[in-house]
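Structure first, commentary second.
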Amino acid sequence: MIKLSELHLGVLTALGGIVLLFASAHFVALPGQAYGAGTMPRLIGWCAILLGGFMTATSLRHLPRMLKPHLADWVRKPRLALSALASLAVIVFYILFADTLGFIPTSFLALTALMLLLRTRPLTAVLAGAVTTLAVYYGFSRMLMVPLPRTEFLSFLG
Amino acid sequence: MLIFEQAAALVFQPYVLGVILASAVFGMLVGAIPGLTATMATALLVPMTFFMEPVPAIAAIVTATAMAIFAGDIPAALLRMPGTPANAAYVDDAYKMTHSGRGDEALGAALVFSAIGGLFGSIVLMTLAPALAEVALRFSSEEYFWLVLLGLSCAVFVTPSSPTRGLISLLFGLFIATIGMENPSGEPRFSFGNLELMAGIQFIPAMIGLFAVSEILRSVTATIPRQKIPRSDGHGIFRTQWLNLKKYPVQTARGSITGTALGILPGAGADIAAWISYAISKRFSKQKEKFGKGHVEGLVEAGASNNSAVSGAWIPALVFGIPGDSITAIVIGVLYIKGINPGPTIFINDPQSIYAIFMVFILANLIMLPLGWLAIKGARPILSIPTSVLMPIILIFCIVGAFAINNSMAGVVMMLIFGIIGFFMEENDIPIAPAILGMVLGPMLEQNFITSMIKGDGNFLHFFERPIAGGLGVFTIAIWLVPLAMLLLRRRKKMAVAT
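Taken in sequence, the protein lines are chains A and B.
Going left to right, the first sequence walks through residues 937 to 1094 as our numbering numbers them.
Going left to right, the second sequence walks through residues 125 to 623 as our numbering numbers them.
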C-alpha cells in the first residue's frame, strides 16, 4: 500500500472537491428556495478544495521529501502482500459464488483456502473451516433465520 | 417508581440476563484478542441485535463494549499488545509489572478500576442525561445545527495524527452521507441509477468494512510477530487492589471524572480518555520517574478513565442523538432501526427503556468483576489462537453479518469497498472515527442547516438569534479560531525573536 505524503493528500483532497462541485452542479434546489440537494455536496466540495489547497501550500516547503510516495513495509514482503490480497479475494469469491454454490461449500472453501494461504496446517485449516462454517450456518440460518444462500444438494444440512 | 419497576421488569428476565452474559463473554473474547477493538465487537454484534427487542439489543452492545475495553488489558499485560486502542496508554507499565512478577496486580488493577470507572460513568449518565434532556427539549434546528457542528469539530481537533487528516476523514464521511435520496429535495444523489445506492450507503456494512475488514487486513499484513505469553495463574488478583484504592483515591476519582467528561465530548472516546488520563496522572504524580517502568498509578487512573468514557459517550447519544464515539454512532443506527429515536423526547416517550439501559450499565460493570477474573484465568488459550486461524473466522462472520442486514449481497459488496477504504485510511494515518461521525451526523447537519436557512430567509445571522443557539455558535467558532490565533501569535513571536 502506498503511503501518501501531506502534499499528495492535499492534491487528492482538492481534486476530490473539484469533482464534487462538478458532480453536484445539476442538483436542483427546493421549489422557491435557494437551497436543496446540491447545497451540502457543494459545501463539502468547497471545504475539500480549501483544505486540499492549505495542505498543498504548507507542504511545499518540504518539497523533495513530499514528492515521493513511500511504500508500506508489508508491501515488500510477498507473503504479507499475498495474505492481504487473499483476504480480499475470499470476499470477492463469496460474492461471486455463494448464490450458485450455496453458503456451506463457499464458506468452507473460502475459509480453508485462506487459512492455508496464511500458513495454517492443512488438518487444522480443514477442521477449523468445517466447524466454523457449520457453526455460522446453524447460528445465523437456523437460530437467527437469516436466509443464507443455499443449494438443493446440501439441503439435508439445513 | 412505576417506571423504575417497568424498567427492572425489562432487564431482570432470563432472556435479557442470558443476552448480557453471552455478550459479556463475547466482549471479553474480542477485547482480549489484540487488534480487535471494542468498536469491532459492536459492529459484529449488530447483525445479532437485529433479531432482538430494543432492551436486550442495547444491553448486548453496552455489556460487550464495557467488557472489551477491560479485556484489552489482558494482552497488554501479558504480551505488550494492547487488546484495544484504549489500553495502549499504559501498556508498558502493565507489561513490565507482569515481567517483574506482578502480573496479577496489574491485571487486578485493570479489572477493579475499570469497574469503578464504568460505575462512576454510569451514575453520571443516570443523573445528568435526564436533566440535559429537559434542556434539549427546548432546542430547535439552529441549536442542533451548532451542536452537530461542535461535535464534528471536536472529532477533528482530537485526531491523534493531525487535524487536517481528521478533516479529510470528516469530509469523506459527510460526502458518504450525501449519497442517496434522503435529502431535503428527495433527489437521487451520486447513485448512478443504482437502486441500492438510491437508498443511501448501508451504515452497518460500511461500519463492518471500515473497522473489522480493515483490521483483518492490518492483522494479516503485520510485520511484527507475536511474543510468548508469560505465566499468570490468576491468583491474588483482588488482593492488592484495596491497598491501591486506599493509596490512589484521587487518581481513581480524577480518572473517572476525566473519562466521563471526555466521553461526553463528541468524537473523543475511550482511547483519547486513557491517553489524557495517563498524561495527567504522570503530570501530578510524586513518582513521575516510575511511569512506563512498571508503576501501577497510571494504570489505575487511565484504567478508570477509559471505562468511564464508554458510559459518558452515551450522554450526547441519548440526549441529543449525537454520538460521543464510534460505538455510540453504531448504537444510534441500531436505535433508529429498532424504532427508538434518540433525542430528548426518548425520555418522555420511552422512559422505561431508558431506565432499563441505565440498569444494564450498572449490571455490566458489576458482572465485569467475576467474569473478568475468569477471563484473566483463561486468557492463555484465547491468546494462543494463531492469527492465521482467527482472522479467516472473523472474516466469515463479517461477511455473514453484512449480508444479514438486508439479506442482500449488496451489503457484502459495500463491506468490501469500505474495508479497502478503511485500510487505506489507516495506512495513511487518516483516522476512521471522524468519517463515521460524518456519516451519522451528515443528514442531521444538512437537515438542520437547510431548515434554519429557510426559516431565516437565507440570513446566516438567524443562527445566532436564539440565546442558546447564539452561545453555541460563538463557542463553536471560538473552537475553530483559537488554535489559528495561537498559531499566528506563535509565528509572530518567532519572527520577532529572529529579527
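All C-beta atoms, glycine included, are put in the ideal place defined by N, C-alpha and C.
All figures in this text were calculated on a predicted structure; none of them were measured in a lab.
Using a Cβ-Cβ distance cut-off of 8 Å, determine whether arginine 313 (chain B) contacts chain A.
Against the second sequence, residue 313 (chain B) aligns to sequence position 189. Closer than 8 Å to some Cβ of chain A, the Cβ of arginine 313 (chain B) qualifies, so yes.
> What's the C-alpha gap between tryptophan 1010 (chain A) and serine 343 (chain B)?
Replying inline: The count along the first sequence starts at 1 and reaches residue 1010 (chain A) at position 74. The count along the second sequence starts at 1 and reaches residue 343 (chain B) at position 219. So the alpha carbons of these two residues sit roughly 11 Å apart.
> Among B:Leu611, B:Ala453, B:Ala437 and B:Glu177, which has the Cα closest to the Cα of isoleucine 556 (chain B)?
Replying inline: As a first step, residue 556 (chain B) is located in the second sequence; it is residue number 432 there, counting from the start. Of the candidates B:Leu611, B:Ala453, B:Ala437 and B:Glu177, the one whose C-alpha sits nearest the C-alpha of isoleucine 556 (chain B) is B:Ala453.
Notebook entry, point to check: Expressed to the nearest angstrom, what Euclidean distance is found between the alpha-carbon atoms of phenylalanine 1039 (chain A) and methionine 164 (chain B)?
Noted result: Position 103 of the first sequence, counted from the start, is the residue given in the question as residue 1039 (chain A). Position 40 of the second sequence, counted from the start, is the residue given in the question as residue 164 (chain B). Cα-Cα distance, rounded: 24 Å.
Examine chain B for any beta-carbon lying closer than 8 Å to the beta-carbon of isoleucine 980 (chain A), and answer yes or no. Within the first sequence, numbered from 1, the residue matching residue 980 (chain A) stands at position 44. Yes - at least one Cβ of chain B is within 8 Å of the one on isoleucine 980 (chain A).
Taking all protein chains shown into account, decide if leucine 367 (chain B) is buried (16 or more other Cβ within 10 angstroms of its Cβ) or exposed. Counting from 1 along the second sequence, the entry for residue 367 (chain B) is found at position 243. Under this definition leucine 367 (chain B) is an exposed residue.
- prompt: Smallest Cα separation from isoleucine 464 (chain B): which of B:Ile182, B:Gly304 and B:Phe415?
  reply: By one-based count along the second sequence, residue 464 (chain B) stands at place 340. Nearest C-alpha to isoleucine 464 (chain B): B:Ile182.
Q. Start and end of the alpha helix (DSSP H) containing glutamine 411 (chain B)?
A. The residue you call residue 411 (chain B) lines up with position 287 of the second sequence. Looking at the DSSP string, glutamine 411 (chain B) is not in any alpha helix (DSSP H), and its letter there is neither H nor E.
Practice task
Determine, using beta carbons only, whether tyrosine 971 (chain A) comes closer than 8 Å to chain B.
Solution key: As a first step, residue 971 (chain A) must be located in the first sequence, where it is residue number 35. By this cut-off, tyrosine 971 (chain A) is an interface position.
Would you call the stretch 561-572 of chain B and the stretch 136-143 of chain B in contact, with 3 or more CB pairs under 8 Å? The stretch 136-143 of chain B and the stretch 561-572 of chain B do not touch, with fewer than three beta-carbon pairs separated by less than 8 Å.
Q: May I ask which residues mark the beginning and end of the alpha helix (DSSP H) holding glutamine 137 (chain B)?
A: What you label residue 137 (chain B) is simply residue 13 of the second sequence in a count that begins at 1. Neither: glutamine 137 (chain B) is in no alpha helix (DSSP H) and is coded neither H nor E.
Look up lysine 617 (chain B) in the DSSP assignment and say whether it is helix, strand or coil. By one-based count along the second sequence, residue 617 (chain B) stands at place 493. Helix at lysine 617 (chain B).
Start and end of the alpha helix (DSSP H) containing leucine 1052 (chain A)? In the first sequence, the residue the question calls residue 1052 (chain A) occupies position 116. Run containing leucine 1052 (chain A): 1039-1053, per the alpha helix (DSSP H) assignment.
| said: Please state the DSSP three-state secondary structure of arginine 363 (chain B). | reply: The count along the second sequence starts at 1 and reaches residue 363 (chain B) at position 239. If DSSP states are grouped into helix, strand and coil, arginine 363 (chain B) belongs with coil.
Do alanine 210 (chain B) and glycine 227 (chain B) have their CB atoms nearer than 8 Å?
To locate residue 210 (chain B), count along the second sequence from 1; it is residue 86. To locate residue 227 (chain B), count along the second sequence from 1; it is residue 103. In this structure, alanine 210 (chain B) sits away from glycine 227 (chain B), with a CB-CB distance that is not shorter than 8 Å.
Q) In whole angstroms, what separates the C-alpha of leucine 294 (chain B) from that of proline 312 (chain B)? A) By 1-based counting over the second sequence, the position of residue 294 (chain B) is 170. By 1-based counting over the second sequence, the position of residue 312 (chain B) is 188. Rounded to the nearest angstrom, the two C-alpha atoms are 22 Å apart.
key: Where proline 1083 (chain A) meets chain B, residues with beta-carbon distance less than 7 Å   = The residue given as residue 1083 (chain A) occupies position 147 in the first sequence. Result: Asn531.
*Who are the near neighbours of arginine 978 (chain A) in its chain, counting only those whose CB is closer than 7 Å to its CB and skipping five residues on each side?*
Stepping through the first sequence from its first residue, residue 978 (chain A) is reached at position 42. Closer than 7 Å at Cβ, skipping near neighbours: Leu957 and Ser960.
Mind pulling the chain A residues with CB within less than 8 Å of alanine 181 (chain B)? Locating residue 181 (chain B) in the second sequence gives position 57, counting from the first residue. Contacts between alanine 181 (chain B) and chain A, judged by CB atoms closer than 8 Å, are missing: the closest CB pair is about 13 Å apart.
Of the choices B:Phe587, B:Asn307 and B:Asp581, whose alpha-carbon is the least far from that of valine 964 (chain A)? For the purposes of this step, residue 964 (chain A) is taken as residue 28 along the first sequence, with counting starting at 1. Answer by Cα proximity: B:Asn307.
inquiry  = Looking at leucine 1047 (chain A): is its Cβ nearer than 8 Å to the Cβ of serine 1019 (chain A)?
reply    = Translated into the one-based positions of the first sequence, residue 1047 (chain A) becomes position 111. Translated into the one-based positions of the first sequence, residue 1019 (chain A) becomes position 83. Not in contact: leucine 1047 (chain A) and serine 1019 (chain A) (Cβ atoms no closer than 8 Å).
query = Considering only residues of the same chain and omitting the five flanking positions on each side of glycine 535 (chain B), which have a CB-CB separation below 6 Å?
reply = For the purposes of this step, residue 535 (chain B) is identified with residue 411 of the second sequence, where counting begins at 1. Gln326, Pro329, Ala526, Phe527 and Ile529, listed in sequence order.
- Measure the alpha-carbon distance for isoleucine 520 (chain B) versus leucine 1050 (chain A) and round it to whole angstroms. Working through the second sequence from its first residue, we reach residue 520 (chain B) at position 396. Working through the first sequence from its first residue, we reach residue 1050 (chain A) at position 114. If you take the alpha carbons of isoleucine 520 (chain B) and leucine 1050 (chain A), they lie about 11 Å apart.
Q | Per DSSP, the bridge partner or partners of isoleucine 938 (chain A) | A | Start at 1 with the first residue of the first sequence, and residue 938 (chain A) comes out as number 2. Per DSSP, A:Leu1007.
**Item:** Cutoff 8 Å: threonine 1087 (chain A) Cβ touching any chain B Cβ
**Value:** Start at 1 with the first residue of the first sequence, and residue 1087 (chain A) comes out as number 151. So, not an interface residue.
**Q.** Nearest residue (CA-CA) to phenylalanine 1076 (chain A), options B:Pro373, B:Ile523 and B:Ile193
**A.** The residue given as residue 1076 (chain A) occupies position 140 in the first sequence. Nearest option by C-alpha distance: B:Ile523.
Using the beta-carbon count (16 or more within 10 Å), is proline 1014 (chain A) buried or exposed? What you label residue 1014 (chain A) is simply residue 78 of the first sequence in a count that begins at 1. By the 10 Å Cβ count, proline 1014 (chain A) comes out exposed.
Discussion item. Among A:Thr1036, A:Tyr1030, A:Thr1056 and A:Asp1035, whose alpha-carbon lies nearest the alpha-carbon of leucine 1045 (chain A)?
Written reply: The residue you call residue 1045 (chain A) lines up with position 109 of the first sequence. Of the listed residues, the one whose Cα sits closest to leucine 1045 (chain A) is A:Tyr1030.
Interface residues of chain B facing lysine 1004 (chain A) [CB-CB closer than 7 Å]:
Taking the first sequence and counting its residues from 1, one reaches residue 1004 (chain A) at position 68. Per Cβ cutoff of 7 Å: no residues; lysine 1004 (chain A) is ~15 Å from chain B at best.
query = tyrosine 971 (chain A): which of B:Arg615, B:Gly594, B:Ser435 and B:Asn572 sits nearest, CA to CA?
reply = What you label residue 971 (chain A) is simply residue 35 of the first sequence in a count that begins at 1. Comparing Cα positions, the closest option is B:Asn572.
Open item on the list: Considering just the uninterrupted stretch of the alpha helix (DSSP H) at glutamine 375 (chain B), what are its terminal residues?
Closed with: The count along the second sequence starts at 1 and reaches residue 375 (chain B) at position 251. Its alpha helix (DSSP H) spans residues 373-388.
>> Would tyrosine 139 (chain B) pass as an interface residue toward chain A - the criterion being a Cβ-Cβ separation below 8 Å?
In response: What you label residue 139 (chain B) is simply residue 15 of the second sequence in a count that begins at 1. Chain A, which has no Cβ nearer than 8 Å to the Cβ of tyrosine 139 (chain B), makes this no.
- Item | Beta-ladder partner(s) of alanine 965 (chain A), from DSSP | Here residue 965 (chain A) refers to the residue found at position 29 when the first sequence is read from its first residue. In DSSP, alanine 965 (chain A) forms a bridge with A:Gly972.
* Asked: Which chain B residues sit within Cβ distance under 7 Å of phenylalanine 963 (chain A)?
  -> One-based indexing of the first sequence puts residue 963 (chain A) at position 27. The contacting residues are Glu311 and Arg313.
Just verifying my parser: in three-state terms, what is the DSSP assignment at arginine 997 (chain A)? To locate residue 997 (chain A), count along the first sequence from 1; it is residue 61. Arginine 997 (chain A): helix per DSSP, three-state reduction.
Q. Comparing the C-beta of alanine 959 (chain A) with each C-beta of chain B, is any distance below 8 Å?
A. Here residue 959 (chain A) corresponds to residue number 23 of the first sequence, with the count starting at 1. It does; some Cβ of chain B falls within 8 Å.
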